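Trainee: Please find one structure pasted underneath; my questions will follow.
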Amino acid sequence: MNLIKRAMSLIGVFGISVSAFAELVVEEGYVRDPIPGRSMTAAFMTLSNTGAEDFVLKSATLEGAASVEIHTHTHDNGVMRMRQIHELVVKAGESVVLKPGGLHLMIFGIKQIPENPELKLCDEDMECITTRITTQSLVKK
Ligand SMILES: [Cu+2]
Numbered sequence: 040m041n042l043i044k045r046a047m048s049l050i051g052v053f054g055i056s057v058s059a060f061a062e063l064v065v066e067e068g069y070v071r072d073p074i075p076g077r078s079m080t081a082a083f084m085t086l087s088n089t090g091a092e093d094f095v096l097k098s099a100t101l102e103g104a105a106s107v108e109i110h111t112h113t114h115d116n117g118v119m120r121m122r123q124i125h126e127l128v129v130k131a132g133e134s135v136v137l138k139p140g141g142l143h144l145m146i147f148g149i150k151q152i153p154e155n156p157e158l159k160l161c162d163e164d165m166e167c168i169t170t171r172i173t174t175q176s177l178v179k180k
């Protein structure tokens, strides 16, 4: 009897932790076509956390690219510089916008990016969400 009770409470605790897991929604995600001859580019999107827990973005992968870094821009004596950051917190119920001139995902080692590449965003526990984003040419079509 005691054992069953303990098992039930364990299930209860587990159930709560699962339902409280952060839910990240990616909106208007796109990756820029790289400049011809270059193997790097950037991706932009709005990250909305609809869950009850903060989402700490630690790593990402993009289909067709070797690696992805989280970058931000800082002003350094009037010069805009890119800087790598190692985590990006999206607080519960809030959104973070990645846009040109600000936060972005830096994409390295591009071979061929498909039209709607798969983007995977992972937190510190390597819990990941997978979505598809679009590609956008710098040249207006
Ligand atoms: Cu960058």
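Mapped onto the numbering used here, the consecutive letters of the sequence shown carry residue numbers 40 to 180. All residues carry an ideal CB built from backbone N, CA and C; glycine is no exception. Note that this is a predicted model, so its numbers are computed, not measured.
#1: Determine the extent of the beta strand (DSSP E) in which residue 148 is found, giving its start and end residues.
#2: Hey, would you say residue 101 sits closer than 8 Å to residue 81, going by beta carbons?
#3: Could you tell me if residue 116 is buried or exposed, where buried requires 16 or more neighbouring beta carbons within 10 angstroms of its beta carbon?
#4: In this structure, how does DSSP classify residue 176 when only helix, strand and coil are distinguished?
#5: Taking the Cβ atom as the reference point for each residue, do residue 174 and residue 70 lie within a distance shorter than 8 Å?
#6: Using a Cβ-Cβ cut-off of 7 Å (strictly less than) and excluding sequence neighbours within five positions of residue 94, which residues of its own chain qualify?
#7: Where do the ends of the beta strand (DSSP E) carrying residue 157 lie?
#8: If you reduce the DSSP assignment to three classes, tell me which class residue 104 lands in.
#9: Where does residue 74 sit, in a helix, a strand or coil, going by DSSP?
#10: Starting from residue 88 and walking both ways along the beta strand (DSSP E), at which residues does that stretch end?
#11: Rounding to the nearest angstrom, what Cα-Cα distance links residue 103 and residue 84 in this structure?
#12: Give the secondary structure of residue 99 by DSSP, where H, G and I count as helix, E and B as strand, and everything else as coil.
Mentor: In brief:
#1: Per DSSP, residue 148 belongs to the beta strand (DSSP E) from 143 to 149.
#2: no
#3: exposed
#4: coil
#5: yes
#6: In chain order, 61, 63, 88, 129 and 162 place their CB closer than 7 Å to the CB of residue 94, counting only its own chain and leaving out the 5 sequence neighbours on each side.
#7: 157 to 161
#8: strand
#9: coil
#10: 80 to 88
#11: 18 Å
#12: strand
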